[in-house]
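Those protein sequences? They're chains A and B, same order as listed. In terms of this note's numbering, the first sequence opens at residue 324 and continues consecutively. In terms of this note's numbering, the second sequence opens at residue 5 and continues consecutively. All C-beta atoms, glycine included, are put in the ideal place defined by N, C-alpha and C. These numbers were taken from a predicted model, which means no experiment stands behind them.
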Amino acid sequence: MNTLLQISGLKKQFGGVIATDDVNLEVTKGELHAIIGPNGAGKTTLISQLSGAVRPDSGTITFKGSNITNRPAHARAQLGITRSFQITSLIMSMSVLDNVALAVQAHDGHSFKLFKPARKITHLRKNALQFLQQVGLENRADDPASALSHGEHRQLELAVALASSAEMMMLDEPMAGLGPEESATMINFLKTLKGQKTILLIEHDMDAVFALADRISVLVYGKIIATGKPDEIRFNDDVRHAYLGEE
Amino acid sequence: MNTIGKITIAGMLILAIVPPVLLLSGQAFYMDLATRLVILGIGAVSLNLILGFGGMVSFGHAAFIGLGAYAVGIPAYHATYGEFEMVASYNGLLHIALAVGFSALFALITGAISLRTKGVYFIMITMAFGQMAYYFFLSLDIYGGDDGLTIDVRSELPLINLDSPMQLYGLSYVSLAVAMYLVHRMVNSRFGMVLQGTKGNVERMATLGYNTYYYQLLAYVISGAMCGYAGFLLGNFTTFISPDMMHWTRSGELMFMVILGGASTALGPILGSSLFILLEEILSSFTIYWHLPFGLLLILVVLFIRGGIMGLFKNMGGSSK
Numbered sequence: 324m325n326t327l328l329q330i331s332g333l334k335k336q337f338g339g340v341i342a343t344d345d346v347n348l349e350v351t352k353g354e355l356h357a358i359i360g361p362n363g364a365g366k367t368t369l370i371s372q373l374s375g376a377v378r379p380d381s382g383t384i385t386f387k388g389s390n391i392t393n394r395p396a397h398a399r400a401q402l403g404i405t406r407s408f409q410i411t412s413l414i415m416s417m418s419v420l421d422n423v424a425l426a427v428q429a430h431d432g433h434s435f436k437l438f439k440p441a442r443k444i445t446h447l448r449k450n451a452l453q454f455l456q457q458v459g460l461e462n463r464a465d466d467p468a469s470a471l472s473h474g475e476h477r478q479l480e481l482a483v484a485l486a487s488s489a490e491m492m493m494l495d496e497p498m499a500g501l502g503p504e505e506s507a508t509m510i511n512f513l514k515t516l517k518g519q520k521t522i523l524l525i526e527h528d529m530d531a532v533f534a535l536a537d538r539i540s541v542l543v544y545g546k547i548i549a550t551g552k553p554d555e556i557r558f559n560d561d562v563r564h565a566y567l568g569e570e
Numbered sequence: 005m006n007t008i009g010k011i012t013i014a015g016m017l018i019l020a021i022v023p024p025v026l027l028l029s030g031q032a033f034y035m036d037l038a039t040r041l042v043i044l045g046i047g048a049v050s051l052n053l054i055l056g057f058g059g060m061v062s063f064g065h066a067a068f069i070g071l072g073a074y075a076v077g078i079p080a081y082h083a084t085y086g087e088f089e090m091v092a093s094y095n096g097l098l099h100i101a102l103a104v105g106f107s108a109l110f111a112l113i114t115g116a117i118s119l120r121t122k123g124v125y126f127i128m129i130t131m132a133f134g135q136m137a138y139y140f141f142l143s144l145d146i147y148g149g150d151d152g153l154t155i156d157v158r159s160e161l162p163l164i165n166l167d168s169p170m171q172l173y174g175l176s177y178v179s180l181a182v183a184m185y186l187v188h189r190m191v192n193s194r195f196g197m198v199l200q201g202t203k204g205n206v207e208r209m210a211t212l213g214y215n216t217y218y219y220q221l222l223a224y225v226i227s228g229a230m231c232g233y234a235g236f237l238l239g240n241f242t243t244f245i246s247p248d249m250m251h252w253t254r255s256g257e258l259m260f261m262v263i264l265g266g267a268s269t270a271l272g273p274i275l276g277s278s279l280f281i282l283l284e285e286i287l288s289s290f291t292i293y294w295h296l297p298f299g300l301l302l303i304l305v306v307l308f309i310r311g312g313i314m315g316l317f318k319n320m321g322g323s324s325k
């Protein structure tokens, strides 16, 4: 097996709340690995520790064989690990295309170029537009990000994540707040990404998770209680008990 | 060209034509006013780079103006009264080099520390560094301490005679235009995109792989150096310098100019500095308590006109950017 990301013994405590409790997890290259769990299970905290926004109390995170536990967020992004945000986190004052172009620019040499107009650098704009086309936002390219609807923000989040050309994408509830039709579009789109990217998906939409995931880990109160193929998880007694509830 | 671009050109044309015409028609007083607003305009433009486009609210920018002014005053003082032969000089190019160099260095050191903080803490720490510079020059008795220092001889530049109000204005005006052009190019470059992105959402920028600290620091240094150059001009204009130029209230005035005129626009800081200087002049002719109506006006602008005067134009013109 070709492990891309390895988490071992990860712990994080906020005051009296144990958000991450001795988490061990392996993500294989090319798989779509979903993390599910009830509200407050610590899913977003886990992603934040992987992206570098939150420092774990103990444990190690290894990505592509190097220990990134103490690396700052920007260094991890440069290594090829990126995230989208559950609560839309875009640069609202800039245009839709600018948001994506910034992601492209991040991997196009350094940005200490002070004189040449960035909006006239065609390969940045072209690439950015391609990612917008992928998610179906190309006709909103010149609108300010703040003018988009919630569903479009989710799409833009995804376009930005794609544009950062990361090997591994961590998607924090890409379906959050989407209507049934929009969700279906998003699921179809994520299907097309499968195999091209390694994806760590956090999602509440069970239909989406079981339709998309190669493997699923179940997080409850900061602990991973089970990891396995969708069918194994569906019929796992612990999971039924702790998460899906007894019927 | 969009509305804002046209307004910018019109504003700069007015500044190019009106003050020299007034001077030639014997109204030297207005030329004085115009020179001051253009020089402070450069300071406001430099502050706008980091405040308007970079989201870094520096409350100590007047320190750079003071540093630039002392870079004229101290060498000129020694050239007149002896001692410290190595710095004694009337050479304007040397003064500019000192003003820009020391300002950049001061910005590098204070910026490297200040940028480790965010929000209110950044405001407070930049103000503290500004006050540090203020008290430093206040305690330098040799250069007059709080009495200040008179510059007996203005900087000597090739081709330009700074004793001529017209030429001093010309240099200041051209400097302002160049500063505006440089800032305009910078904020639209890759560097500027990163800077504006960082203002918009730091966490997002880090997630994209940008080490935002160094981009912000470079902007801070450029801004400081530019403001130091404005200090060089101001020293030559007033021919009297004192630590008071660096006081935090002066930094506040620069901030007012930027916010009043419209942060993150090219012309905003100039409109702000123009309005500031003119209002100061008009209101203080009515009452010595001119700060009161002035302050009320500022509160009204902040409350009711989003984006300052340029924001007003934007709303009227309908077109954005």
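CB contact below 8 Å: residue i versus chain A
| i | result |
| --- | --- |
| residue 114 of chain B | no |
| residue 119 of chain B | no |
| residue 148 of chain B | no |
| residue 55 of chain B | no |
| residue 323 of chain B | Note that residue 323 of chain B scores a pLDDT of 46, beneath 50, so its modelled location is shaky; the value from the coordinates is reported in the next line. No, its Cβ sits nowhere closer than 8 Å to a Cβ of chain A. |
| residue 222 of chain B | yes |
| residue 189 of chain B | yes |
| residue 58 of chain B | no |
| residue 201 of chain B | yes |
| residue 204 of chain B | yes |
Neighbour list for residue i in chain A, Cβ cutoff strictly below 9 Å
| i | result |
| --- | --- |
| residue 212 of chain B | 397, 400, 405, 425, 426, 428, 429, 430, 483, 486 and 487 |
| residue 105 of chain B | By Cβ distance, chain A contributes nothing, its closest Cβ being about 19 Å from residue 105 of chain B, past 9 Å. |
Test: residue i CB closer than 8 Å to a CB of chain B
| i | result |
| --- | --- |
| residue 380 of chain A | no |
| residue 414 of chain A | yes |
| residue 495 of chain A | no |
| residue 554 of chain A | no |
| residue 491 of chain A | no |
| residue 327 of chain A | no |
| residue 417 of chain A | yes |
| residue 570 of chain A | Since pLDDT at residue 570 of chain A reaches only 46, below the 50 mark, its modelled position is unreliable, and no value is offered. |
Nearest to residue i (by Cα), restricted to the options the options
| i | options | result |
| --- | --- | --- |
| residue 261 of chain B | B:124, B:273 and B:252 | B:273 |
| residue 75 of chain B | B:48, B:65, B:84 and B:105 | B:105 |
| residue 423 of chain A | A:402, A:479, A:348 and A:492 | A:479 |
| residue 358 of chain A | A:558, A:528, A:564 and A:560 | A:528 |
| residue 267 of chain B | B:27, B:31, B:172 and B:45 | B:45 |
| residue 57 of chain B | B:38, B:199 and B:123 | B:199 |
| residue 183 of chain B | B:296, B:47 and B:96 | B:47 |
| residue 241 of chain B | B:275, B:159, B:196 and B:306 | B:159 |
| residue 351 of chain A | A:565, A:557 and A:539 | A:539 |
| residue 477 of chain A | A:487, A:508 and A:449 | A:508 |
| residue 116 of chain B | B:60, B:286, B:209 and B:269 | B:60 |
| residue 279 of chain B | B:30, B:305, B:13 and B:293 | B:305 |
| residue 38 of chain B | B:147, B:150 and B:15 | B:15 |
| residue 406 of chain A | A:489, A:332, A:421 and A:331 | A:489 |
| residue 187 of chain B | B:52, B:86, B:9 and B:21 | B:52 |
Residue i: contacting residues in chain B (beta-carbon distance under 7 Å)
| i | result |
| --- | --- |
| residue 439 of chain A | 193 |
| residue 442 of chain A | 192 |
Neighbouring residues, chain B, relative to residue i (Cβ below 9 Å)
| i | result |
| --- | --- |
| residue 376 of chain A | 207, 210 and 211 |
| residue 421 of chain A | 197, 200 and 201 |
Chain-ordered chain B contacts of residue i [CB-CB under 8 Å]
| i | result |
| --- | --- |
| residue 434 of chain A | 194, 195, 197, 198, 214 and 219 |
| residue 466 of chain A | What residue 466 of chain A touches in chain B: nothing, since even the nearest Cβ is about 10 Å away. |
Chain-ordered chain A contacts of residue i [CB-CB under 7 Å]
| i | result |
| --- | --- |
| residue 310 of chain B | Within chain A, no residue comes near residue 310 of chain B; the closest Cβ sits about 13 Å away, beyond 7 Å. |
Interface residues of chain A facing residue i [CB-CB closer than 8 Å]
| i | result |
| --- | --- |
| residue 316 of chain B | Ordered by position in chain A, no residue passes the 8 Å Cβ test against residue 316 of chain B, which lies about 19 Å from the chain. |
Every unbroken beta strand (DSSP E) inside the region 167 to 243 of chain B [3 residues or more]: Every candidate beta strand (DSSP E) stretch fails here, since none sits fully inside the region 167 to 243 of chain B while reaching 3 residues.
Cβ pair count under 8 Å reaching 3, the region 463 to 482 of chain A against the region 407 to 416 of chain A: yes
Ordered list of beta strand (DSSP E) runs contained in the region 36 to 64 of chain B, each at least 3 residues: none
Meets three-Cβ-pair contact criterion under 8 Å: the region 481 to 501 of chain A and the region 437 to 447 of chain A: no
The region 134 to 145 of chain B touching the region 244 to 261 of chain B, judged by at least three CB pairs closer than 8 Å: Yes, since at least three Cβ pairs between the region 134 to 145 of chain B and the region 244 to 261 of chain B fall closer than 8 Å, the two stretches touch.
Uninterrupted alpha helix (DSSP H) stretches inside the region 274 to 312 of chain B (no shorter than 4 residues): When DSSP assignments are scanned along the region 274 to 312 of chain B, the uninterrupted stretches of alpha helix (DSSP H) that are 4 or more residues long and fall wholly within it turn out to be 295 to 308.
Secondary structure, alpha helix (DSSP H): runs of 4+ residues fully inside the region 333 to 389 of chain A: 366 to 374
Contained alpha helix (DSSP H) runs [length at least 4] in the region 529 to 554 of chain A, N- to C-terminal order: 529 to 535
The region 101 to 115 of chain B / the region 214 to 225 of chain B touching (three or more Cβ pairs under 8 Å): yes
Stretch pair the region 164 to 184 of chain B + the region 120 to 132 of chain B: three plus CB contacts closer than 8 Å: no
Segment contact, 8 Å Cβ cut-off, at least three pairs: the region 451 to 462 of chain A with the region 364 to 382 of chain A: no
Beta strand (DSSP E) segments (min. 3 residues) lying fully within the region 457 to 501 of chain A: As far as the region 457 to 501 of chain A is concerned, its whole beta strand (DSSP E) runs of at least 3 residues are 491 to 495.
Contact between the region 26 to 37 of chain B and the region 148 to 165 of chain B (3+ Cβ pairs under 8 Å): no
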